[in-house]
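Per this note's numbering, numbering through the sequence shown is continuous, rising by one, with the last residue being 432. Glycine included, each C-beta is placed from N, C-alpha and C at the ideal position. Following: one structure in structure tokens, then a few remarks.
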Amino acid sequence: MTSTSGCPVAHDFDPLAESYLSSPYPELNLLREQAPVHYVPSLDHWLVTRYADIAAILADPATFSAANAQAPLSGLTEEASGILHNGLRNTPVLSNFDPPGHSRVRRLLAPLFSPRRMAQLAPRIEQFTTELVDAFAGRGRVDIVEALTFPLPALTLFRLLGFPDEDSEQLKAWCGEKLEINWGRPDAEYQLRATTNIVRFWDYCEHYVETRKHDLGDDLTSDLLRQRETDPGALDDREVASIVFALSFAGHETTTNLIGNALRHLLSRPQLWAEIGRDPETIAGAVQETLRYDSSVIAWRRVTTREVTIGDTVVPDGARLVLGLGAANHDPAVFAEPEEFEIHRANAKVQLSFGRGIHYCLGQLLARVETEIVLRHLSQRFPDLRLAAGQDVRYPRNISFRGPVSMLVEWSAPVPAH
Ligand code: HEM
């Protein structure tokens with residue numbers, strides 16, 4: 015195994031430490047240079063940080079199973095794991111499912127995320143954006159996460175699934191608890207409360223599918239249920255509820271974080287904010303570079319199905335891996351001057367923030383469409399939008415999902431909406 019001696023970040027490296035959460039790249043870069051396949055005792059996982067190694071892992075689902083992708087990261091108390099064990103009846107369907115089962119589910123779900131369908135959602139996203147922005151446009155200063163980037167992706171996704179708008183707050187709270195349990199290190203008291211609520215969240219999804227079955231509508235859940243009319247291999251109730259449960263989590267906070275990260279980096283470079291306002295054609299590149307430079311999913315998990323050599327490190331069978339997607343996106347072997355935020359970067363599109371291969375993110379187009387709409391809207395309407403001075407932008411305490419928890423922005427007079 016790789017020796018970690020000589021690596022200054024080796025033994026006390028903790029990806030849940032406040033210093034790492036606020037700025038993970040200095041440590042990730044050091045690890046990639048000095049110990050690219052590194053056992054992290056505080057997590058009992060191996061952290062892989064080189065682009066080439068991660069790309070090879072994502073291309074080999076037989077050796078690197080996705081079964082642990084949604085598992086609680088840290089050990090749960092007996093009581094909390096009992097609550098999940100007894101209460102959750104969901105079945106693996108997507109990100110934590112291996113072939114051949116995964117291939118079947120993916121074949122049925124992928125057409126519902128086609129570019130045409132995503133384009134159909136754009137007017138609705140535009141409308142939500144306008145309404146949310148109108149509500150604060152006259153104020154001159156706002157927490158943009160609270161006022162826009164948090165509610166918008168949730169509204170969009172919950173509408174896509176067909177959930178009633180009035181359940182949004184509750185659903186978002188449950189998703190936050192699921193995040194802490196699966197990717198953080200919560201204490202025993204939190205675990206008890208959160209696991210109870212995760213079971214409520216599952217019950218909600220199961221009940222929702224049961225009702226939807228008798229009242230099909232114009233939403234993704236109904237489309238999945240409708241597949242039964244023509245496809246003998248279509249999903250059963252439990253599988254549909256499991257997809258609803260998975261998507262309702264996967265599809266909003268990730269996007270909240272992408273929009274927040276994009277705003278942070280563009281607003282701290284006023285010339286770029288002016289450029290995207292002047293030339294909206296540059297926005298797609300700015301989103302792509304945000305995904306590379308400051309990914310909203312900096313880590314994802316796999317588990318080995320046999321002993322295997324990664325780079326030049328032998329990793330045992332059953333080893334749990336954290337793939338440092340963010341670290342890969344800063345690998346100088348692939349990206350020239352990786353610490354520069356460069357919205358015209360020619361190869362930003364090879365970033366790994368959405369994974370790659372059979373599990374490549376199904377919602378990537380939706381996330382991009384939403385982010386592009388917000389950036390276009392804000393850069394046109396608030397040409398002098400800026401980050402409020404002196405604030406300490408904080409990030410959530412988990413190993414994967416990264417974006418500002420809150421962010422104060424200011425502006426003078428907005429350009430009137432047309
Ligand atoms: C910036 C936003 C997003 C990021 C960075 C992101 C990232 C990821 C990553 C890293 C994976 C795992 C890839 C792998 O295992 O190889 C994934 C899978 C997935 N994502 Fe996203 N995601 C985002 C937004 C969304 C949205 C908006 C949705 C749904 C509306 C979504 C749905 C999914 C699904 C269903 C999978 C599992 C696909 C499969 O296993 O076949 N994601 N995403």
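Alpha carbon of residue i to alpha carbon of residue j, nearest angstrom
i, j, result
"G190", "F164", "12 angstroms"
"E289", "E295", "10 angstroms"
"A31", "W197", "13 angstroms"
"D232", "G176", "8 angstroms"
"R359", "A66", "19 angstroms"
"N271", "A168", "12 angstroms"
"D345", "E224", "47 angstroms"
"A76", "F355", "36 angstroms"
"Q405", "R155", "13 angstroms"
"A248", "R103", "19 angstroms"
"G152", "A402", "16 angstroms"
"V119", "A381", "21 angstroms"
"V419", "N275", "10 angstroms"
"N110", "W314", "11 angstroms"
"P430", "T385", "21 angstroms"
"V301", "I357", "8 angstroms"
"L98", "P200", "15 angstroms"
"S19", "A69", "Bear in mind that a pLDDT of 41 at S19, under 50, signals an unreliable position, so the model cannot answer this."
"N100", "W188", "18 angstroms"
"D179", "Y218", "14 angstroms"
"L261", "L234", "10 angstroms"
"E145", "R138", "11 angstroms"
"D181", "T105", "24 angstroms"
"R131", "F27", "43 angstroms"
"A124", "G265", "14 angstroms"
"D293", "Q285", "12 angstroms"
Coarse secondary structure for residue i, derived from DSSP in three states
i, result
"T144", "helix"
"R315", "strand"
"F368", "coil"
"W216", "helix"
"V258", "helix"
"S309", "coil"
"H99", "helix"
"F415", "strand"
"F263", "helix"
"F349", "coil"
"F127", "helix"
"S282", "coil"
"F172", "helix"
"S88", "coil"
"N211", "helix"
"E356", "coil"
"P22", "Bear in mind that a pLDDT of 43 at P22, under 50, signals an unreliable position, so the model cannot answer this."
"C189", "helix"
"Y39", "helix"
Beta-carbon gap between residue i and residue j smaller than 9 angstroms
i, j, result
"E140", "I297", "no"
"A342", "V317", "no"
"T319", "F78", "yes"
"V147", "R395", "yes"
"W287", "L162", "no"
"E434", "A255", "The requested residue 434 does not occur in the structure, where the chain is confined to residues 15 to 432."
"Q172", "K192", "Sequence inspection shows Phe at residue 172; the Gln mentioned does not correspond to that position. No. Outside cutoff."
"A94", "Q205", "yes"
"S309", "S236", "no"
"H373", "L61", "no"
"R306", "A347", "no"
"V336", "P29", "yes"
"T327", "P50", "yes"
"I212", "V423", "no"
"L108", "I257", "yes"
"S36", "V407", "yes"
"T269", "G377", "yes"
"L90", "T209", "yes"
"P397", "G291", "yes"
"L135", "L174", "yes"
"R64", "G325", "yes"
"S426", "L280", "no"
"L87", "I413", "yes"
Residue(s) in a DSSP beta bridge with residue i
i, result
"W287", "DSSP, once it has assigned bridges, lists no residue as partnering W287."
"R155", "E424"
"T323", "V328"
"R334", "V317"
"R400", "E424"
"W60", "Y53 and L335"
"F78", "T318"
Any non-hydrogen atom of the ligand MG closer than 8 angstroms to residue i Cβ
i, result
"G338", "No copy of the ligand MG occurs in the structure displayed; its ligands are the ligand HEM alone."
Chain C within 9 angstroms of residue i, Cβ atoms only
i, result
"E424", "Absent from the structure is chain C; it holds one protein chain and no more."
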